[in-house]
Amino acid sequence: MNIRLDGKRALVTGGNSGIGEAISLCLADAGARVAINYVAHPEVAQSLAQRIQSQHGVAITIKADVTNPEAVAKMFQSIDAAWGGIDILVNNAGIDGGRALGWETGIETWREVIEVNLMGAFYCAREALQRMVPQESGVILNISSVHEEIAWSGYSAYTTSKAAISMLTKTLAQEAAPHGIRVLSVAPGAVKTAINSSVWSDPANLHDLIKKIPLRRLGDPEEVARMVVVLVSDVASYVTGRTVFVDGGMTDYPDFAQGG
Numbered sequence: 001m002n003i004r005l006d007g008k009r010a011l012v013t014g015g016n017s018g019i020g021e022a023i024s025l026c027l028a029d030a031g032a033r034v035a036i037n038y039v040a041h042p043e044v045a046q047s048l049a050q051r052i053q054s055q056h057g058v059a060i061t062i063k064a065d066v067t068n069p070e071a072v073a074k075m076f077q078s079i080d081a082a083w084g085g086i087d088i089l090v091n092n093a094g095i096d097g098g099r100a101l102g103w104e105t106g107i108e109t110w111r112e113v114i115e116v117n118l119m120g121a122f123y124c125a126r127e128a129l130q131r132m133v134p135q136e137s138g139v140i141l142n143i144s145s146v147h148e149e150i151a152w153s154g155y156s157a158y159t160t161s162k163a164a165i166s167m168l169t170k171t172l173a174q175e176a177a178p179h180g181i182r183v184l185s186v187a188p189g190a191v192k193t194a195i196n197s198s199v200w201s202d203p204a205n206l207h208d209l210i211k212k213i214p215l216r217r218l219g220d221p222e223e224v225a226r227m228v229v230v231l232v233s234d235v236a237s238y239v240t241g242r243t244v245f246v247d248g249g250m251t252d253y254p255d256f257a258q259g260g
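So, in structure tokens, the structure goes:
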């Protein structure tokens, strides 16, 4: 099966690094025009856009802080000006905020994680839906985490934001379905990216992490990105309102493989 997204107009928030970069590349490879959102390191975003263009794809870069609704509105206006609208939104931008127990966490740090991961996703979804509802088509895909289901001590803001993304996905899917729009989430598990290099580059930490994964390895960003391409394509035309876990079985609780 050859999955194609020819002519589709896509936006990937936080699309210039890690999983977002892989998603941008995979969407472009499938034929979509890709708007790469970034908040820092414009040279990295531009380099990625040039890489896509060198492979005969279409890509633009847009700087916007997803926690700022005015900036988000301007970002979508830029896409309107460039391409006349949007067909695919991938809400990928996110942060974990660093580790601190709940009673030790700074209020501003906690709030920042919620604003990026949850409010940012909502601001972007809201703008996308304002365009998708009149055209009676479109797909919104939120990047969640296994931690929408699995508690993670020291990261209460992150886990809370991802659990909220799950319910936001379901609710928006229910609201948008009568208009021909699908809303889904993909929840990665342990994926090897630069942001978590402190874990996989340390042998002891890596060994501990691998024990939590039935497939006994870390995931690759492209493995997440390929699932995103499938879900935003017509191959998944009857799928909405659900989170698809791309986690090597982490949510299967491998500690119970030998009994309770």
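Residue numbers are given in the working numbering: position 207 of the sequence shown equals residue 207, and the series is strictly consecutive. The beta-carbon is built from N, C-alpha and C at its ideal position, and this holds for glycine as well. Computed from a predicted model, the values in this text were never measured in an experiment.
Where residue i falls: helix, strand or coil (DSSP)
{"i": "Gly-138", "result": "strand"}
{"i": "Ala-190", "result": "coil"}
{"i": "Asn-2", "result": "coil"}
{"i": "Leu-218", "result": "coil"}
{"i": "Ile-52", "result": "helix"}
{"i": "Gly-240", "result": "Looking at the sequence shown, residue 240 is not Gly but Thr. Coil."}
{"i": "Ile-210", "result": "helix"}
{"i": "Ala-204", "result": "helix"}
{"i": "Ser-145", "result": "coil"}
Supposed contact pair residue j and residue i - C-beta distance, whole angstroms, cut 8 angstroms
{"i": "Leu-129", "j": "Ala-164", "result": "With 8 angstroms as the limit, Leu-129 and Ala-164 do not qualify as a contact, their Cβ atoms being about 17 angstroms apart."}
{"i": "Arg-9", "j": "Gly-85", "result": "6 angstroms"}
{"i": "Val-229", "j": "Cys-26", "result": "5 angstroms"}
{"i": "Ile-19", "j": "Val-191", "result": "6 angstroms"}
{"i": "Pro-69", "j": "Tyr-123", "result": "5 angstroms"}
{"i": "Asn-91", "j": "Ala-121", "result": "4 angstroms"}
The alpha helix (DSSP H) enclosing residue i, as first and last residue numbers
{"i": "Ser-198", "result": "197-200"}
{"i": "Ile-19", "result": "18-29"}
{"i": "Ala-164", "result": "156-176"}
Continuous beta strand (DSSP E) stretch holding residue i: start and end
{"i": "Ile-36", "result": "33-38"}
{"i": "Ala-257", "result": "Neither: Ala-257 is in no beta strand (DSSP E) and is coded neither H nor E."}
{"i": "Val-12", "result": "9-12"}
Report yes or no: do the segment 167-182 and the segment 213-227 share at least 3 C-beta pairs separated by less than 8 angstroms? no
For the segment 40-51 and the segment 68-81, state whether three or more C-beta atom pairs, one from each stretch, are separated by less than 8 angstroms. no
Can you list the beta strand (DSSP E) stretches of 3 or more residues lying completely in the segment 59-125, in chain order? 88-91
For the segment 194-207 against the segment 150-167, are there 3 or more C-beta pairs whose distance is under 8 angstroms? no
I want to know whether the segment 10-19 touches the segment 240-247 - three or more CB-CB distances under 8 angstroms. Result no; under three Cβ-Cβ pairs closer than 8 angstroms.
For the segment 174-188 against the segment 107-122, are there 3 or more C-beta pairs whose distance is under 8 angstroms? no
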